[in-house]
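Numbering (the working numbering), first residue to last: 69 to 441. All C-beta atoms, glycine included, are put in the ideal place defined by N, C-alpha and C. Computed from a predicted structure; not experimentally measured. The structure under discussion appears below in the form of structure tokens.
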Amino acid sequence: MTPSKLGFGFMRLPTLENGSIDIEQVKKMTDIFIASGMNYFDTAFVYDDGDSERAIKEALVDRYPRDRFLLATKLCAWEQAPDEESAKQQFFTSLKRTGAGYFDYYLLHAIQVDNYHKYDEYGIWDFVKEQKEKGLIRHWGFSFHASHKLLEELLTKHPDAEFVQLQLNYADWENPAVEARECYETARKHNKPIIVMEPVKGGTLVKLPPKPQEIIRKASEKASNASWAIRFCASLEGVMTVLSGMSDISQMEDNLSYMRDFVPLNEDEKETIRKMQEALKEIPSIPCTACRYCVAGCPKHIAIPDIFEAMNMHMEWNNDELAAELYEEALENGGKASDCIKCRHCERACPQQIKITRLLEESAGLFESGYTG
Ligand code: SF4
Ligand code: SF4
69 MTPSKLGFGF MRLPTLENGS IDIEQVKKMT DIFIASGMNY FDTAFVYDDG
119 DSERAIKEAL VDRYPRDRFL LATKLCAWEQ APDEESAKQQ FFTSLKRTGA
169 GYFDYYLLHA IQVDNYHKYD EYGIWDFVKE QKEKGLIRHW GFSFHASHKL
219 LEELLTKHPD AEFVQLQLNY ADWENPAVEA RECYETARKH NKPIIVMEPV
269 KGGTLVKLPP KPQEIIRKAS EKASNASWAI RFCASLEGVM TVLSGMSDIS
319 QMEDNLSYMR DFVPLNEDEK ETIRKMQEAL KEIPSIPCTA CRYCVAGCPK
369 HIAIPDIFEA MNMHMEWNND ELAAELYEEA LENGGKASDC IKCRHCERAC
419 PQQIKITRLL EESAGLFESG YTG
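Written out as structure tokens, the structure reads:
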């Protein structure tokens, strides 16, 4: 079965008021997705402490024949894996949680400069190949958040990796902290099919600042902001699937409206994207994708991405009233920016290499000095 061009990422699922996954809505979304001819579903051992994989079972695996969908999940050797045994056990736990019998795509999760040695140390590269030989994995690869130089090194060392998952979006195409273009070109050089994650930059490209917004409104009255971001990635040669972490039915319907019968960007649309890239470069912002990898290990339980959302509201949008509100909300479940003890656990976990401690100091300076917007 060929993977659909749009993949359903089970990372930002809709939730109920009590914070648990709204499984009934997820079932409806799954039905709409499959009825639209799509088939690719993506989860991970660590998403929602396993609830994402459980939701896959309930919404998908238990309700559809196994040959109607393709399922991807991931093993994270650096999170919830203090040793080799617990890292490898993630694979068997994922099989049990999802009830899928086998995985169509299996990934070494979120490889970056501070953790890739764990995958070597625990022998995970060989482990996934053994599972493939046993028929429990159809294709294996890795998701990646580091420089193109490290990607080059890994693809040279592991030429049998069957695909790579990269964070690509038009705003980070030339961003030196992400190296989207260079990573894309490296994967292409090695002839690897590419799965795109974070095409909408964690939702950032849905809420554009005024100037880029004006550029795309002029180009099209109808097309949604997300459509530009997702179609940009899907139009790149060699891209197998673009993952979208759809959080409700309306987002799914929007995504499907242009991905069901996908048409690549034409030359005029590519020019619009180039203009937006230029406009975005002029606006300073924190490149946080809200992946929340930094939050789990913070001894002060600081809601780092929520604080950065408030900072970006201030920096990108100049909406200081909303920025102050967002900061207050960020404190509801965690510590203040000034509680940071600079242990830097978060910085080691951050795929975007954000200087979190320095930015928290700036956030504290802004929001904790009587600032009300
Ligand atoms: S450096 Fe600060 S924000 Fe980061 S994990 Fe440590 S206490 Fe938390
Ligand atoms: S600061 Fe980094 S690790 Fe934390 S949510 Fe943002 S991008 Fe993810």
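Are residue i and residue j closer than 8 Å when you measure CB to CB?
{"i": "S315", "j": "L81", "result": "yes"}
{"i": "I179", "j": "L222", "result": "yes"}
{"i": "F442", "j": "F76", "result": "Not covered by the structure: residue 442. The range shown for the chain is 69 to 441."}
{"i": "A391", "j": "A371", "result": "no"}
{"i": "G403", "j": "H369", "result": "yes"}
{"i": "M79", "j": "S104", "result": "no"}
{"i": "E247", "j": "H216", "result": "yes"}
{"i": "P267", "j": "V310", "result": "yes"}
{"i": "N293", "j": "L304", "result": "no"}
{"i": "Y238", "j": "A297", "result": "yes"}
{"i": "L333", "j": "I341", "result": "yes"}
{"i": "Q157", "j": "C144", "result": "no"}
{"i": "G167", "j": "V196", "result": "no"}
{"i": "G191", "j": "E152", "result": "yes"}
{"i": "E384", "j": "S353", "result": "yes"}
{"i": "K95", "j": "W146", "result": "no"}
{"i": "I89", "j": "T83", "result": "yes"}
{"i": "M379", "j": "S437", "result": "no"}
{"i": "G365", "j": "A417", "result": "yes"}
{"i": "C411", "j": "P367", "result": "yes"}
{"i": "R256", "j": "G306", "result": "yes"}
{"i": "H177", "j": "S211", "result": "yes"}
Could you spell out the range, first to last residue, of the alpha helix (DSSP H) harbouring residue i?
{"i": "M48", "result": "Nothing can be reported for residue 48, as the shown portion of the chain is limited to 69 through 441."}
{"i": "G433", "result": "424 to 435"}
{"i": "I455", "result": "With the chain covering 69 to 441 only, the question about residue 455 has no answer from this structure."}
{"i": "Y187", "result": "184 to 189"}
{"i": "V331", "result": "Careful: V331 lies outside any alpha helix (DSSP H) and carries neither H nor E."}
{"i": "V114", "result": "Counting along the chain, V114 falls outside any alpha helix (DSSP H), and DSSP gives it neither H nor E."}
{"i": "A149", "result": "Counting along the chain, A149 falls outside any alpha helix (DSSP H), and DSSP gives it neither H nor E."}
{"i": "A248", "result": "248 to 257"}
{"i": "T224", "result": "216 to 225"}
{"i": "M69", "result": "Here M69 belongs to no alpha helix (DSSP H), and DSSP marks it neither H nor E."}
{"i": "W193", "result": "192 to 201"}
{"i": "K410", "result": "From DSSP, K410 is part of no alpha helix (DSSP H); its letter is neither H nor E."}
{"i": "A391", "result": "388 to 398"}
{"i": "E335", "result": "335 to 349"}
{"i": "N98", "result": "Note that residue 98 corresponds to Thr in the displayed sequence, not to Asn. Per DSSP, T98 belongs to the alpha helix (DSSP H) from 91 to 103."}
Starting from residue i, follow the beta strand (DSSP E) in both directions and report where the run begins and ends.
{"i": "T141", "result": "138 to 143"}
{"i": "I284", "result": "No beta strand (DSSP E) contains I284, which is instead part of the alpha helix (DSSP H) from 278 to 287."}
{"i": "G179", "result": "According to the sequence as given, residue 179 is Ile; it is not Gly. Its beta strand (DSSP E) spans residues 171 to 179."}
{"i": "R206", "result": "205 to 212"}
{"i": "L234", "result": "231 to 235"}
{"i": "M308", "result": "307 to 312"}
{"i": "Y108", "result": "108 to 110"}
{"i": "L264", "result": "Before going on, a small fix: residue 264 reads as Val here, not Leu. Where V264 is concerned, the enclosing beta strand (DSSP E) stretches over 262 to 265."}
Closest Cβ-Cβ distance between residue i and chain D: below 8 Å?
{"i": "L218", "result": "As a matter of chain content, chain D is missing from the structure shown, which is built from one protein chain."}
Under 8 Å by Cβ, that's how I've got residue i and residue j pegged, so tell me the actual separation to the nearest angstrom.
{"i": "P419", "j": "Y361", "result": "6 Å"}
{"i": "R165", "j": "R122", "result": "6 Å"}
{"i": "L175", "j": "G209", "result": "6 Å"}
{"i": "F137", "j": "F109", "result": "6 Å"}
{"i": "M65", "j": "F231", "result": "Only positions 69 to 441 of the chain appear in this structure, which leaves residue 65 out of reach."}
{"i": "A452", "j": "K142", "result": "Only positions 69 to 441 of the chain appear in this structure, which leaves residue 452 out of reach."}
{"i": "G271", "j": "C359", "result": "In fact, because the Cβ distance is near 11 Å, the residues do not count as touching under 8 Å."}
{"i": "I317", "j": "M97", "result": "6 Å"}
{"i": "P133", "j": "N107", "result": "Rounded, the Cβ-Cβ distance is 12 Å, inconsistent with contact."}
{"i": "P355", "j": "D194", "result": "Contact flag wrong, Cβ pair sits at about 34 Å."}
{"i": "Y184", "j": "L218", "result": "7 Å"}
{"i": "A229", "j": "V181", "result": "Not confirmed; about 18 Å, so no contact."}
Looking at residue i and ligand 4, is the gap between the Cβ and the nearest heavy atom below 7 Å?
{"i": "S353", "result": "No copy of ligand 4 occurs in the structure displayed; its ligands are ligand 1 and ligand 2 alone."}
**Asked** Do the region 365 to 384 and the region 419 to 438 touch if we need at least three Cβ pairs shorter than 8 Å?
**Response** Yes, the region 365 to 384 touches the region 419 to 438.
**Prompt:** If you pair each beta-carbon of the region 195 to 213 with each one of the region 155 to 174, do three or more pairs fall below 8 Å?
**Reply:** At 8 Å Cβ cutoff, the stretches touch.
**Any heavy atom of ligand 2 nearer than 7 Å to the CB - residues listed** = Near ligand 2, meaning a beta-carbon closer than 7 Å to one of its heavy atoms, we find C356, T357, A358, C359, R360, Y361, C362, V363, I372, P373, F376, C414, A417, C418, P419, Q420, I422, I424.
**Item:** the region 272 to 287 in contact with the region 257 to 264 per 3-pair CB rule at 8 Å
**Value:** They do not touch, by the three-pair rule.
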